[in-house]
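**Student:** Here the sequence shown is numbered in our numbering, starting from 272 and rising by one per residue.
Glycine is no exception: its CB is placed at the ideal position from the N, C-alpha and C atoms.
Encoded as structure tokens, here's the structure I'll be asking about.
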Amino acid sequence: MNLAEKLLALELEGFYVEEGVLSPAEAARICQSTEDTLDQGPVYGSNFLNHDQSLAPHLADERIVEVVRAIHGEGARIIANSGNLRDPNPGAAPRAPGGLHVDWPWGQSGASHIGGPLPDVVINITTFWMLTDFTRANGATVVAPGTHKSRHNPNGDPALKRARPTEFTVEAPAGSVLVFDGRLWHDGGVNRSSSRRVFWGVNYGPWWLNCHARRPHSVEHRLQAAAGHTPAGHWPYLKGAIFDSLPAQVKPLLRHWVDREWIMTKAEAEASVGDTSYFM
Ligand SMILES: O=C(O)CCC(=O)C(=O)O
Numbered sequence: 272m273n274l275a276e277k278l279l280a281l282e283l284e285g286f287y288v289e290e291g292v293l294s295p296a297e298a299a300r301i302c303q304s305t306e307d308t309l310d311q312g313p314v315y316g317s318n319f320l321n322h323d324q325s326l327a328p329h330l331a332d333e334r335i336v337e338v339v340r341a342i343h344g345e346g347a348r349i350i351a352n353s354g355n356l357r358d359p360n361p362g363a364a365p366r367a368p369g370g371l372h373v374d375w376p377w378g379q380s381g382a383s384h385i386g387g388p389l390p391d392v393v394i395n396i397t398t399f400w401m402l403t404d405f406t407r408a409n410g411a412t413v414v415a416p417g418t419h420k421s422r423h424n425p426n427g428d429p430a431l432k433r434a435r436p437t438e439f440t441v442e443a444p445a446g447s448v449l450v451f452d453g454r455l456w457h458d459g460g461v462n463r464s465s466s467r468r469v470f471w472g473v474n475y476g477p478w479w480l481n482c483h484a485r486r487p488h489s490v491e492h493r494l495q496a497a498a499g500h501t502p503a504g505h506w507p508y509l510k511g512a513i514f515d516s517l518p519a520q521v522k523p524l525l526r527h528w529v530d531r532e533w534i535m536t537k538a539e540a541e542a543s544v545g546d547t548s549y550f551m
């Protein structure tokens, strides 16, 4: 697919699959690393890069980032990332249709969501980097094409959570990347195979999205808690030492949430109030 075809697919269906972004050997190596990391214990929140950097060299892959930049411009960046294991359960019942959801900031459960009707604008571009094959048997992601344009949000709405006749299982080989508009109604399937389904979720967004609303201990989190809400999300800062070790091409996508970039002493904060040097 060329860039125009990918943008058209996002516009019409709300998703497409880019095959072969990782070679089979790369997918296998990153899969092993991801499993090893997650087997050590749960990783909370969505900055898996603090724990595992095996996918990092690929996150600025032109085949993915050209789409993100076409939509969000040069300031586009990675807003969240997670490593995911879906353990096998051969005896499980098949996935019940329905159960579809959309991704932040469109969700209706958090204190920093956008309510409906949803504006017709792409914000969160979700990518699932398949490290094993995605098959119907192992619970590959299910999407309902076109729902990203519905302006409705199925989260928390039983009527909308009913099965859609268009539900489509995204089957593709390891090394593929599923790219979708975060407003697209989607769900994980049930892994009824005998092996794990493994993938990274990487979310790209615009420079203007306030991800601070997802940062643990941020002012926004404290305000949400004070208002009686469960603070929305847990997207902790990226450790500076990890950031320093990453390949140069990926750093521009991540530098906005490096821990040291946000840390300011009280004295620095006070001095900045009266600092007019920007205007000189
Ligand atoms: O397991 C999957 O394929 C889907 C996961 C999902 O829906 C999500 O992370 O938002």
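#1: Which one of Phe405, Arg348, Arg422, Thr308 has the shortest CA to CA distance from Asp391?
#2: Would you call the region 407-416 and the region 428-443 in contact, with 3 or more CB pairs under 8 Å?
#3: State the beta-bridge partners of His457 as determined by DSSP.
#4: When DSSP labels each residue in this structure, what does Ser465 get in the three-state scheme?
#5: Just the Cα atoms here: how many angstroms apart are Leu309 and Val490?
#6: According to DSSP, Phe439 sits in a beta bridge with which residue or residues?
#7: Going by alpha carbons, who is nearest to Asp323 out of Ile534, Ala443, Leu509?
#8: Hey, would you say Arg348 sits closer than 7 Å to His527, going by beta carbons?
#9: Give the C-beta separation of Gly285 and Gly369 to the nearest angstrom, bearing in mind that I take them to be a contact with Cβ-Cβ under 8 Å.
#10: In the DSSP assignment, the alpha helix (DSSP H) including Glu297 goes from what residue to what residue?
#11: Using a threshold of 7 Å, state whether the C-beta atoms of Asp374 and Thr398 are closer than that.
#12: On a Cα-Cα basis, can you pick out the residue from Ala484, Leu524, Glu532 that is closest to Gly381?
#13: For ligand 1, is there a heavy atom less than 6 Å away from the beta-carbon of Thr412?
#14: For Arg467 versus Leu326, is the C-beta distance shorter than 7 Å?
#15: State the Cα-Cα distance for the pair Ile301 and Gly354, rounded to the nearest angstrom.
**Tutor:** Reading it off the structure:
#1: Counting from one through the sequence shown, the residue named residue 391 turns up at place 120. When only C-alpha atoms are compared, the closest one is Arg422.
#2: yes
#3: Locating residue 457 in the sequence shown gives position 186, counting from the first residue. According to DSSP, which records beta bridges pairwise, His457 is partnered with His372, Val414.
#4: Taking the sequence shown and counting its residues from 1, one reaches residue 465 at position 194. Note: Ser465 maps to coil in three-state DSSP.
#5: For this step, residue 309 is matched to residue 38 along the sequence shown. For this step, residue 490 is matched to residue 219 along the sequence shown. About 30 Å.
#6: Along the sequence shown, one-based indexing puts residue 439 at 168. The partner list for Phe439 (beta bridge, DSSP) reads Val414.
#7: Reading the sequence shown from its first residue, position 52 is the one you call residue 323. Measuring from the Cα of Asp323, the nearest candidate turns out to be Leu509.
#8: Position 77 of the sequence shown, counted from the first residue, corresponds to residue 348. Position 256 of the sequence shown, counted from the first residue, corresponds to residue 527. The answer is yes: Cβ separation under 7 Å.
#9: Here the question's residue 285 lines up with position 14 in the sequence shown. Here the question's residue 369 lines up with position 98 in the sequence shown. Actually they are not in contact, since the Cβ atoms of Gly285 and Gly369 sit about 18 Å apart, beyond 8 Å.
#10: By one-based count along the sequence shown, residue 297 stands at place 26. Run containing Glu297: 295-310, per the alpha helix (DSSP H) assignment.
#11: Position 103 of the sequence shown, counted from the first residue, corresponds to residue 374. Position 127 of the sequence shown, counted from the first residue, corresponds to residue 398. Not closer than 7 Å, so no.
#12: For the purposes of this step, residue 381 is taken as the residue at position 110 of the sequence shown. Selected option, being the one with the closest Cα: Ala484.
#13: Mapped onto the sequence shown, residue 412 falls at position 141. Indeed, a heavy atom of ligand 1 lies less than 6 Å from the Cβ.
#14: Within the sequence shown, residue 467 is the residue found at index 196, counting from 1. Within the sequence shown, residue 326 is the residue found at index 55, counting from 1. Contact flag unset, no.
#15: Within the sequence shown, residue 301 is the residue found at index 30, counting from 1. Within the sequence shown, residue 354 is the residue found at index 83, counting from 1. In a straight line, the C-alpha of Ile301 is about 10 Å away from that of Gly354.
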